[in-house]
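Just so you know, the sequences run in chain order F and L.
Okay, so the first sequence: first residue is 1 according to the working numbering, each after it adds one.
Okay, so the second sequence: first residue is 1001 according to the working numbering, each after it adds one.
Only one structure is covered here, and it is reproduced in the block below.
Number of protein chains: 2
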Amino acid sequence: MKNIVLFAADGAMASQLTGIIDFFMICNRFWQVTNNQDTDLFTVNVISPNGNNITCDGGIVINATSLKNVALPSAAVIVGGVSYDDKTLTKYLTKISPLKQDILKCEKNAVPIATFCSSTFIAAEFGLLNGKKATTVWWLVKIFTQKYPQVTLQLDELVVRDKAIFTAGATTSYLSLCLKLVEELFDGQLADQISRLMLIDPNRCSQRPFMLLDLPERHHDDLIKKIQQWMIQNLSQPISLDLLADKFATTKRTLIRRFKKVLNDTPMNYLQKIRVESAKRLLECSGLSLEQIVLKVGYEDVSSFRKLFVELVELTPREYRERFQQSINANIIEG
Amino acid sequence: MKNIVLFAADGAMASQLTGIIDFFMICNRFWQVTNNQDTDLFTVNVISPNGNNITCDGGIVINATSLKNVALPSAAVIVGGVSYDDKTLTKYLTKISPLKQDILKCEKNAVPIATFCSSTFIAAEFGLLNGKKATTVWWLVKIFTQKYPQVTLQLDELVVRDKAIFTAGATTSYLSLCLKLVEELFDGQLADQISRLMLIDPNRCSQRPFMLLDLPERHHDDLIKKIQQWMIQNLSQPISLDLLADKFATTKRTLIRRFKKVLNDTPMNYLQKIRVESAKRLLECSGLSLEQIVLKVGYEDVSSFRKLFVELVELTPREYRERFQQSINANIIEG
DNA sequence: AGATTAAGTGTCATTATTGACTTAAAACAG
DNA sequence: CTGTTTTAAGTCAATAATGACACTTAATCT
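Right under this line is the structure:
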C-alpha cells in the first residue's frame, strides 16, 4: 500500500487538500470495485507543522498528524495556501517552514515530492529545486523568477518532472499531478481509467494557452498554430520571416500565404499584435517598467514602441496601465 | 451580492463542496484585488437537512445552516454524495430528501438550480428535470435512463442548460458548472479571467471523448477527426461510405485515401473497430444483453457479430464479459 | 450458382498548394 | 533624404491532393 503524505499548514486551500484526498479515495474505491478486493491502494495522511489539525482558509478543519506517526511515505505532496502575491506567499511560507526538516528528509530518502500552484514556492524556498526544471502558476512567474533564478521554469508543460520532483501549474492542475503520481506509483492503466472516471483531460499539457492573450483565432492550420505558440514563447528574441521559414521547414512565401489564409493577416503583422497584446497584459498584471516590458516583448526601442502602442491601442502605455482596472470596473458593474 | 446556496447532506464528497466554496472565494479575491475593493461578489452557504454541520464522506466536517437563516439565493447547487451505484445513490437520496421542499421553493422562485455528477439524480428524483434536457455522469447513464425516462439526456455537452436548470457531467465538471454560473449571475469577462486563473478549459465541452474507447490515434487531419467523432456518436444507425462522403461534403475516394493516410486503415474497417470496441465497453460496463449491445453498436445480426468479435478479440462475447466484468466494473453500473 | 451491392483500388484529368523567382512596398539606418 | 534591408505580393512551373470513372474483390440475396 502506498502512503501519500500531504504537507500543509493553517491557511491551506481546503479544496486542494480535500481534492487530493478524494482523488486517492476514488482510486481506492475504483480499484476495490473493479478487483473485488477490500484493500486500499493508497492512504493519504495530512502532515501539519505541529501535528495538530489544520484550519484551512475559510475555516474548514482537516485532520492532520506528524510525520513520525505515519508509515514511510511513497510520495509527498506539498499543498500551498491561498496566495496571490509576495505577502501572502511569505505568510504561508512562515507557517509551513517548521516542516522543512521533514520535507528534506523525504527528499533524502528519494521520496517523490510534488508541488503545484503556489506550493512550488515552498519547494524552491527549501532548495529542492535548485538546478532543476519546474513549473508554477503563470501569474506568479514573475515573483518566482526573481526569487529563485536557479530554477529553470518550463511553463509550457502542465506537469514537469525532474528526477523525483514533480511540479504542476495553476489551481486545478493538482488533478493532473495526482494522475501522474498514480501512474508513477502504480500503473498507467489505472491512471487512464481514473482520468475517464473523473473527466480529467490527460492531454491537457500546457498552461500557456490559458495565460495569454485575447487572440483566440480558431482555425485548423496546424502549422500556423505551432508557429503562433512558438512566437508567444519566443517573443523576446528577434524573429524574422527567414528564421520562421527555416525553423518550421517551409518557405517565406508559404508562411505569408497561410497566415493570410487562416488569420487574415501577415506573419509579421500578427507578431506585432502578439507583442502589443503581451505588453498590454504585462502592463495590466505586472509591476515591470515600460522599458522592461518593451524588452520582454521583443522591442529594442521604447519610444518607437510607444508610438506603435498608441497607434494600435489609442492610449499611451501609461494611460493604458492606469485605465485598465477602471475599465474592468465599469464593465463588471454594468453586468 | 449574489448568494449561492449549496444543498448537501452527510456523505457528500468533501472536495466538491470545498471546491465550489473555494471557487467563489477565488472569484471574490480576484475581484477585490483587481478592483481595489473590499466587498464580496458572492457568498456561499451550505444548507443541510437539519441545519447542522455536514460530515462528508471521509469525515471532514463542513459548516452548514438552514435555508431560512440565509439571504434569498441567487443560485442553488445540489451537491451529491460519493455514489457508484444504485445503492449508494439511494442512500444519499434518503439523507438529502428533507431538503426537497427547500429545493422546490427555489425552483418556484426561479432561482437557477445546478447539479452535476450524481446530484443530477436528486434533481430528477424531485421532478425538477421532467421534460427537460440534462446531462449526468457517463457511468451512471444506464441507471438514469431507466429511472427517469422523462428526462432527455444530452451527453455530448459538459454543461447543459434548460431554462433555469443547469446540469453537468462527471466529478470535476463542477468547475465548468461554476464558470457557467459566474457568467450567468455576473458576467462573461470575469468568468473568462477566472478560467485562466484556475486553468479551467472553457472549451471543454463534451464528456464523450472520455467515456470511450482505446482508440487514441493521434493525427492532424481535422476532417477525419470529425468523422471519427461522428461515427462514435452515430454507431447505432447504418453508416455507409456514401453517407459519410455526402455528410462531410467529399468523395468516397478521398475518404478512403485520407483514412488510410492518417489511420492506416480503411473507413469501414475502422468503423468496425469502433463498433467492436464499443461492444467491449458495453459488455464490461452495462447489463445489456448481447442482442441489445449488438443493436446498439449498429449490427443487425447477433451471430455474425459474434463471429466477428471472436475473430478480433479472440474471446466470445460471453467469455469477454465474464473475464472483464469481474475484473473491471461489475458493481459500478449494475449495483 | 449467379446476380447484386458496397468497399476498396488504379488511373488520369482537374484543382489546389507549394517553392523559386521577381517586383513592389514598407521599414530602417546613416 | 537616400540606399539598404526586410516584408509582402505577383507570377509560373512543379508538386500534391482531389474527384470522376472504370475495375476488382468480397459479401449478400434470391
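Note that beta-carbon positions come from the ideal geometry of N, C-alpha and C, so glycine has one too.
Note that the structure is predicted; figures quoted are calculated from it, not measured.
| query | result |
| --- | --- |
| Between threonine 1250 of chain L and phenylalanine 1259 of chain L, is the Cβ-Cβ spacing less than 7 Å? | no |
| Residues of the region 1218-1235 of chain L in Cβ contact with chain F at a cutoff of 8 Å, in chain order, please. | His1220 and Asp1222 |
| Could one say the Cβ of phenylalanine 1210 of chain L lies closer than 7 Å to chain F's Cβ atoms, at least one of them? | At phenylalanine 1210 of chain L, the pLDDT of 49 sits below 50, so the modelled position is not reliable and the matter cannot be decided from this model. |
| Indicate the three-state DSSP secondary structure (helix, strand or coil) for valine 1111 of chain L in the structure shown. | coil |
| Here's a check: name, in chain order, each residue in its chain whose Cβ is nearer than 7 Å to the Cβ of alanine 1170 of chain L, leaving out the five neighbours to either side. | Cys1117, Val1137, Trp1138 and Gln1207 |
| Could you check the C-alpha separation between proline 238 of chain F and isoleucine 293 of chain F for me, to the nearest Å? | 15 Å |
| What in chain F is Cβ-close to methionine 1198 of chain L, meaning under 8 Å? | Ala170, Thr171 and Thr172 |
| Counting only C-beta atoms, is aspartate 1022 of chain L closer than 7 Å to chain F at any point? | yes |
| Is glutamate 311 of chain F buried or exposed, if buried means 16 or more other CB atoms sit within 10 Å of its CB? | exposed |
| Of all the CB atoms in chain L, is at least one closer than 7 Å to the CB of serine 176 of chain F? | no |
| Going by DSSP in three states, threonine 1120 of chain L sits in which element: helix, strand or coil? | helix |
| What number of angstroms, rounded off, separates the C-alpha of valine 70 of chain F from the C-alpha of asparagine 45 of chain F? | 7 Å |
| I'd like to confirm the pairing. Which residues does DSSP put opposite arginine 275 of chain F in its beta bridges? | According to DSSP, which records beta bridges pairwise, arginine 275 of chain F is partnered with nothing at all. |
| Can you check the region 1249-1321 of chain L for any alpha helix (DSSP H) of at least 4 residues that lies completely inside it and give the ranges in chain order? | 1252-1263, 1267-1285, 1290-1296 and 1302-1313 |
| Where does threonine 1254 of chain L land, buried or exposed, given buried means 16+ other C-beta within 10 angstroms? | exposed |
| Can you pull the chain F residues whose beta carbon is under 7 Å from the beta carbon of threonine 1182 of chain L, in chain order? | In the sequence as presented, threonine is not what sits at residue 1182 of chain L; that position holds valine. In chain order: nothing, as chain F lies at least about 10 Å away. |
| CA-CA distance, leucine 190 of chain F and phenylalanine 1023 of chain L? | 28 Å |
| Compute the distance between the beta-carbons of threonine 135 of chain F and threonine 115 of chain F, then report whether it is under 7 Å. | no |
| Against chain L, with Cβ distances strictly below 7 Å, would alanine 8 of chain F count as a contact? | no |
| Could you compute how far the alpha carbon of lysine 1095 of chain L sits from the alpha carbon of threonine 55 of chain F? | 27 Å |
| Are leucine 1175 of chain L and isoleucine 1200 of chain L closer than 7 Å when you measure CB to CB? | yes |
| Quick one: what does DSSP say phenylalanine 1126 of chain L is sitting in, helix, strand or coil? | coil |
| At a Cβ threshold of 7 Å, is alanine 1012 of chain L touching chain F? | no |
| Below 8 Å on the Cβ atoms is my guess for alanine 76 of chain F versus valine 111 of chain F; work out the distance and round it to an integer in Å. | 5 Å |
| So, is serine 1015 of chain L buried or exposed, given that buried needs 16 or more other C-beta atoms within 10 angstroms? | buried |
| Give me the residue from L:Arg1196, L:Thr1120, L:Ile1113 and L:Gln1193 with the minimum Cα distance to alanine 1164 of chain L. | L:Ile1113 |
| Give the interface partners of asparagine 63 of chain F over in chain L, defined as CB-CB distance under 9 Å, in chain order. | Gly1059 and Ile1060 |
| Output the distance between the C-alpha atoms of alanine 279 of chain F and glutamine 154 of chain F, rounded to the nearest integer angstrom. | 21 Å |
| Against tyrosine 1084 of chain L, what residues of chain F qualify as contacts under a CB-to-CB distance less than 8 Å, listed in chain order? | Arg29 and Val33 |
| Given a cut-off of 7 Å on the beta-carbon distance, is the pair leucine 93 of chain F and glutamate 107 of chain F in contact? | no |
| Would you list the one or two residues that DSSP bridges to phenylalanine 1007 of chain L? | L:Ile1047 and L:Ile1078 |
| With a Cβ-Cβ cutoff of 7 Å, do asparagine 28 of chain F and leucine 41 of chain F count as a contact? | yes |
| Could you check if lysine 1180 of chain L is buried or exposed, using at least 16 other CB atoms within 10 Å of its CB as the buried criterion? | buried |
| Would you kindly work out how many angstroms separate the C-alpha atoms of arginine 257 of chain F and lysine 247 of chain F, rounded to a whole number? | 17 Å |
| Can you tell me where the alpha helix (DSSP H) holding phenylalanine 1144 of chain L begins and where it ends? | 1141-1147 |
| Are the C-beta atoms of serine 1015 of chain L and some chain F residue less than 7 Å apart? | yes |
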